[in-house]
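Under this note's numbering, the first residue of the sequence shown carries the number 22, and numbering increases by one thereafter.
Even glycine gets a Cβ: it sits at the ideal position worked out from N, Cα and C.
For clarity, every value in this text was computed on a predicted model and none was experimentally measured.
Everything on this sheet refers to the single structure shown next.
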Amino acid sequence: MISLVRIDNRLLHGQVLETWIPKLGAQEVLVADDEAARSPLARAAMTLCVPSELCVRVEPLALTDFAALAASKQRVLVLLRDVPALVEAVHRGLSPVHAPKINLGNVHYSAGRKPVSPSVFLTADELGDLTRLAASGFDLEARAIPSDAPAGLDELARRYAAAR
């Protein structure tokens, strides 16, 4: 089963290993990312400190079978790099039936982005994409770690509108 889909441009790192994996009881992590799948260095860096009992796979987004992940007896955390990757995952079969909860954990600042949480910066197009995904049934939240209070889509839209 897919326990959570997390958007984090850092993909697999200490914060995920130390907070999200235990909270979710995840037995497997799937990094669905074309760039990371092509890079032996990125794969090695992400898996360097992973405990041996945790299964980690890094594969191209196009090869990810979301229905099979949802049907798995293992609890799987799916990591995607950014909102466009989430939109692509939905086009490739990810649905709220497979994974109702989407977590926005970390989206770095760059020009044209506005803060909606301390670690998430969105463009207007990304906020529009998230709004459409929420309307299709996904439950979206922003929070870096499980102990943070989650901010839902309405709150993210309010913060986006108020940001300069």
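Residue from the options whose Cα sits closest to the Cα of residue i
| i | options | result |
| --- | --- | --- |
| residue 106 | 23, 185, 28, 24 | 28 |
| residue 134 | 120, 124, 160, 180 | 180 |
| residue 163 | 148, 45, 94, 46 | 148 |
| residue 5 | 52, 156, 184 | The structure shown does not extend to residue 5, since the chain spans only 22 to 185, so no value can be given for it. |
| residue 167 | 23, 40, 153 | 40 |
| residue 59 | 82, 75, 184, 136 | 82 |
| residue 64 | 117, 31, 182 | 31 |
| residue 151 | 129, 96, 176, 130 | 176 |
| residue 130 | 77, 115, 184, 93 | 184 |
| residue 92 | 104, 115, 75 | 115 |
| residue 16 | 94, 153, 62 | There is simply no residue 16 to check, as the chain begins at 22 and stops at 185 in what is shown. |
Which residues DSSP lists as bridging residue i, in chain order
| i | result |
| --- | --- |
| residue 70 | For residue 70, which the question treats as bridged, DSSP gives no partner whatsoever. |
| residue 47 | Residue 47 is not bridged to any residue. |
| residue 135 | 143 |
| residue 27 | 100, 124 |
| residue 37 | Paired residue(s): none; residue 37 is not in a bridge. |
| residue 172 | 163 |
| residue 53 | 80 |
CB contact flag (residue i, residue j, <8 angstroms)
| i | j | result |
| --- | --- | --- |
| residue 101 | residue 110 | yes |
| residue 141 | residue 127 | yes |
| residue 26 | residue 57 | no |
| residue 98 | residue 42 | yes |
| residue 71 | residue 45 | no |
| residue 170 | residue 138 | no |
| residue 165 | residue 48 | no |
| residue 50 | residue 33 | yes |
| residue 117 | residue 159 | yes |
| residue 161 | residue 143 | no |
| residue 120 | residue 23 | yes |
#### Entry: 4 or more residues per run - each alpha helix (DSSP H) lying fully within the segment 79 to 167
87 to 92, 104 to 112, 145 to 156
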